[in-house]
Amino acid sequence: MRINIYKYSLLLLLSVAIGCKKDFLNKYPLDQITTVDFWKTGNDLKLYVNQFYPAAFDQPMGDQLNGDFAADAQSDDVGLVLANPRLQGARVVPATGGWSYANIRALNVFMANYDKVADPFNSYKSYVGEAHFFRAFFYFSLVKEYGDVPYISAPLNTNSEELYMPRTPRNQVVDSVIADLDEAIELLPSGKQEAATRLSREIALLFKSRVCLYEGTWEKYHVADEFKVDNPQSQKYLDLAAQSAKAVIESGLYTIYSTGDPGWDYFNLFSRVDYSTNSEVLLWEKYDLSLNKGNSFQFQIATGKSGGMGLTKSFVDAYLCKDGRPIYLGNGAENPLYEGDGTLKKTATNRDPRFTQTIFTPGFPLQAVGGDTTYFQRPTVADPAHTRCPTGYQMNKFLNFDPVHHASLETLPVGYTGWIVFRYAEALLNYAEAKAELGTITQEDIDISINQLRNRVSMPHLNIAAIEEDPHWQFPDLTPVLNEIRRERRVELVLEGFRWNDLARWAAAEKVIVGKRPLGAVFNTTDYPDLHASDFTLTDGYFDPLKSQLPGGYGFKPDRDYLSPVSTEELTLNKQLEQNPGW
617 MRINIYKYSL
627 LLLLSVAIGC
637 KKDFLNKYPL
647 DQITTVDFWK
657 TGNDLKLYVN
667 QFYPAAFDQP
677 MGDQLNGDFA
687 ADAQSDDVGL
697 VLANPRLQGA
707 RVVPATGGWS
717 YANIRALNVF
727 MANYDKVADP
737 FNSYKSYVGE
747 AHFFRAFFYF
757 SLVKEYGDVP
767 YISAPLNTNS
777 EELYMPRTPR
787 NQVVDSVIAD
797 LDEAIELLPS
807 GKQEAATRLS
817 REIALLFKSR
827 VCLYEGTWEK
837 YHVADEFKVD
847 NPQSQKYLDL
857 AAQSAKAVIE
867 SGLYTIYSTG
877 DPGWDYFNLF
887 SRVDYSTNSE
897 VLLWEKYDLS
907 LNKGNSFQFQ
917 IATGKSGGMG
927 LTKSFVDAYL
937 CKDGRPIYLG
947 NGAENPLYEG
957 DGTLKKTATN
967 RDPRFTQTIF
977 TPGFPLQAVG
987 GDTTYFQRPT
997 VADPAHTRCP
1007 TGYQMNKFLN
1017 FDPVHHASLE
1027 TLPVGYTGWI
1037 VFRYAEALLN
1047 YAEAKAELGT
1057 ITQEDIDISI
1067 NQLRNRVSMP
1077 HLNIAAIEED
1087 PHWQFPDLTP
1097 VLNEIRRERR
1107 VELVLEGFRW
1117 NDLARWAAAE
1127 KVIVGKRPLG
1137 AVFNTTDYPD
1147 LHASDFTLTD
1157 GYFDPLKSQL
1167 PGGYGFKPDR
1177 DYLSPVSTEE
1187 LTLNKQLEQN
1197 PGW
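Numbered per the numbering used here, the sequence shown spans residues 617 to 1199.
And the structure:
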């Protein structure tokens, strides 16, 4: 840590002071400002905190699927051409690199200097709130990846003793994260700021609910394994998660986006260039190709490709039928609405409308590069690896039909569809899950949360008193309502970067990852009339893209792989650091 925490501090400060780089808000100063002249005005503070927006929220450019969109590849929702190293249990201790304190160091510099500004505090307090939020954000990222981490809240010198401090217990770090978020909640303004591109009080509340739900469930489900904490307080964190999410709900500032079209509203939520007035979006990232700022998730989808990834049978089976019941019922029966999975069309028939608004089915409109509207024919199961859909369930979520947008793809393999960073749906899901984990959930709680999501797609309401038993629940040892809330979260937030974190905090890899492979759709001659089964690796007729790579299934090690290893370099520099369990 000694190298990482100091090495970049001046570079970060100077990058703001010089201010010639285009950033997330395109608001770095155009004129040069020396560090001596800095910390004079509230605008200096604004310019300084601008640097953390791209560091926290940017989605990468390029012609491959990456960023938050592809983060679900590290889960049971997505199958890849090549096995994910974490799920495979194939990672090793890195020689160098690993955790970085560069952004935290820069934020600590801000905290030590912002009160030098001569302007009235009320004129710049929102930027102080933003700094508290971002420090919480970056520390939480470290906790999710490494667990215990050294917690430092002040700028250090090269000879500071804290550079050689031991790791701070994760729950103590989380308590400091919550304290920062409470400061942000106090200082940030309410409602959409700068067309929903800047932080607000409600975003800090939503993020607090995310942090507390994560830590509360981590401490609950890891209570007896290698990753347990001393003096666990899961109920405290779950209470805070429910309270924070409820505060977002009760603000009355946001609603689930809906135009009354259940067949398209979910799809259309993710296909916009501008989210400044969208009722569901708390924060979004704007792209502008003229500023060399775009994203990669559009290129593959818009051109009918899949980037070497596809959704899994496990995920697809989670979609309920349109009567609100699962595809499999008790006593070995199938839902009579379920037409089986012999073809893509049959699999999608009579299912939750989010199915066809997330997964391509034959006949779905596809705006091809060049401006002509064509229609999806079949998944790219036979494409080269970098554009293939290895599972046969190809994603259409985030597809933008705009012909002008598609024309840009002819010259650059990037798009400029906006990316939603925080949306109201998460507040509803966090609230419902926290209440269910606490054992205090009521039908009223379900009605203001889960059933608001179902209203958008005209799905039957979840009724706590009449939940249909699903013999394929992933977590049969948990309550029916908690299983259904987890199902709703999985379906609603797919491909938005939540699934791995959910599996990790639930200690669920033993149930859904270990020894399993990501099966896909059924190979059939209706969807693939010119292809041959012998050209693919199949199991019982289902695409099984990792069959030869992982004959025994994923080798994820539950006593090791929930956390990442600390690099050898860090352990050498600081003898008080200890390695994570199992590494």
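The beta-carbon is built from N, C-alpha and C at its ideal position, and this holds for glycine as well. Owing to the predicted nature of the structure, the values given are computational and were not obtained by experimental measurement.
Length of the line joining the Cα atoms of residue i and residue j
{"i": "Asn666", "j": "Phe1014", "result": "27 angstroms"}
{"i": "Ser1183", "j": "Pro878", "result": "49 angstroms"}
{"i": "Tyr903", "j": "Ala811", "result": "14 angstroms"}
{"i": "Phe640", "j": "Ala1043", "result": "Any reading at Phe640 must be qualified, since the residue scores a pLDDT of 30, below 50, and its modelled position is unreliable; the value itself is stated next. When rounded, the distance between both Cα atoms is 24 angstroms."}
{"i": "Val789", "j": "Leu779", "result": "16 angstroms"}
{"i": "Ser792", "j": "Lys1132", "result": "38 angstroms"}
{"i": "Leu1179", "j": "Thr1141", "result": "43 angstroms"}
{"i": "Lys938", "j": "Tyr743", "result": "47 angstroms"}
{"i": "Phe980", "j": "Tyr954", "result": "21 angstroms"}
{"i": "Ser1074", "j": "Glu1104", "result": "14 angstroms"}
{"i": "Gln849", "j": "Glu835", "result": "7 angstroms"}
{"i": "Asn966", "j": "Pro952", "result": "10 angstroms"}
{"i": "Met727", "j": "Leu696", "result": "43 angstroms"}
{"i": "Asp933", "j": "Tyr664", "result": "47 angstroms"}
{"i": "Phe843", "j": "Gln859", "result": "26 angstroms"}
{"i": "Asn847", "j": "Met1011", "result": "43 angstroms"}
{"i": "Asp692", "j": "Trp1116", "result": "8 angstroms"}
{"i": "Glu1100", "j": "Trp1035", "result": "27 angstroms"}
{"i": "Asp689", "j": "Val864", "result": "One detail in the question is off: residue 689 reads as Ala in this sequence, not Asp. Approximately 30 angstroms, taken between the alpha carbons."}
{"i": "Lys824", "j": "Asp798", "result": "8 angstroms"}
{"i": "Pro978", "j": "Phe1172", "result": "35 angstroms"}
Exposure of residue i, with buried meaning 16 or more beta-carbon neighbours within 10 Å
{"i": "Asn1016", "result": "buried"}
{"i": "Glu1126", "result": "exposed"}
{"i": "Phe575", "result": "With the chain represented from 617 up to 1199, any question about residue 575 goes unanswered, as that position is not in the structure."}
{"i": "Ala1048", "result": "buried"}
{"i": "Asn620", "result": "Residue placement at Asn620 is flagged as unreliable, the pLDDT there being 42, under the threshold of 50; the coordinate-derived value follows with that caveat. The residue in question, Asn620, is buried, as its Cβ has 16 or more Cβ neighbours within 10 Å."}
{"i": "Val1138", "result": "buried"}
{"i": "Thr1007", "result": "buried"}
{"i": "Lys1191", "result": "exposed"}
{"i": "Pro782", "result": "exposed"}
{"i": "Ser739", "result": "exposed"}
{"i": "Leu646", "result": "Below a pLDDT of 50, predicted positions are generally treated as unreliable, and Leu646, at 30, falls in that range; the measurement from the model is reported next regardless. It is exposed - the Cβ of Leu646 has fewer than 16 other Cβ atoms within 10 Å."}
{"i": "Ala699", "result": "buried"}
Per-residue DSSP class, three states only, for residue i
{"i": "Met1011", "result": "strand"}
{"i": "Thr650", "result": "A caution first: Thr650 carries a pLDDT of 46, below 50, which makes its placement in the model too unreliable to give a value."}
{"i": "Ile1036", "result": "strand"}
{"i": "Ile1080", "result": "helix"}
{"i": "Thr1003", "result": "coil"}
{"i": "Asn911", "result": "strand"}
{"i": "Thr833", "result": "helix"}
{"i": "Asp904", "result": "strand"}
{"i": "Glu1053", "result": "helix"}
{"i": "Ile975", "result": "strand"}
{"i": "Tyr882", "result": "helix"}
{"i": "Tyr944", "result": "strand"}
{"i": "Gly1031", "result": "strand"}
{"i": "Glu1100", "result": "helix"}
{"i": "Leu1187", "result": "helix"}
C-beta atoms of residue i and residue j nearer than 9 angstroms
{"i": "Tyr1032", "j": "Val889", "result": "yes"}
{"i": "Asn787", "j": "Val845", "result": "yes"}
{"i": "Leu945", "j": "Pro1087", "result": "yes"}
{"i": "Val1110", "j": "Trp900", "result": "no"}
{"i": "Lys1219", "j": "Lys732", "result": "Outside the shown range of the chain, which is 617 to 1199, sits residue 1219, and nothing can be said about it."}
{"i": "Ala820", "j": "Phe749", "result": "yes"}
{"i": "Ser874", "j": "Asn729", "result": "no"}
{"i": "Ile1080", "j": "Thr1058", "result": "yes"}
{"i": "Leu822", "j": "Ala861", "result": "yes"}
{"i": "Arg1176", "j": "Gly705", "result": "yes"}
{"i": "Tyr1009", "j": "Gly1136", "result": "yes"}
{"i": "Asn719", "j": "Ile768", "result": "no"}
{"i": "Ile857", "j": "Ala1050", "result": "The question names Ile, but residue 857 in the sequence shown is Ala. Going by C-beta atoms, Ala857 is nearer than 9 angstroms to Ala1050."}
Residue range of the alpha helix (DSSP H) that includes residue i
{"i": "Gly658", "result": "658–666"}
{"i": "Ile801", "result": "786–803"}
{"i": "Val725", "result": "718–729"}
{"i": "Leu1069", "result": "1066–1072"}
{"i": "Tyr1178", "result": "Careful: Tyr1178 lies outside any alpha helix (DSSP H) and carries neither H nor E."}
{"i": "Asp1118", "result": "1115–1121"}
{"i": "Ser890", "result": "Looking at the sequence shown, residue 890 is not Ser but Asp. It is not in any alpha helix (DSSP H) - Asp890 carries neither H nor E in the DSSP assignment."}
{"i": "Phe753", "result": "737–762"}
The beta strand (DSSP E) enclosing residue i, as first and last residue numbers
{"i": "Val694", "result": "694–696"}
{"i": "Gly926", "result": "925–927"}
{"i": "Thr990", "result": "989–991"}
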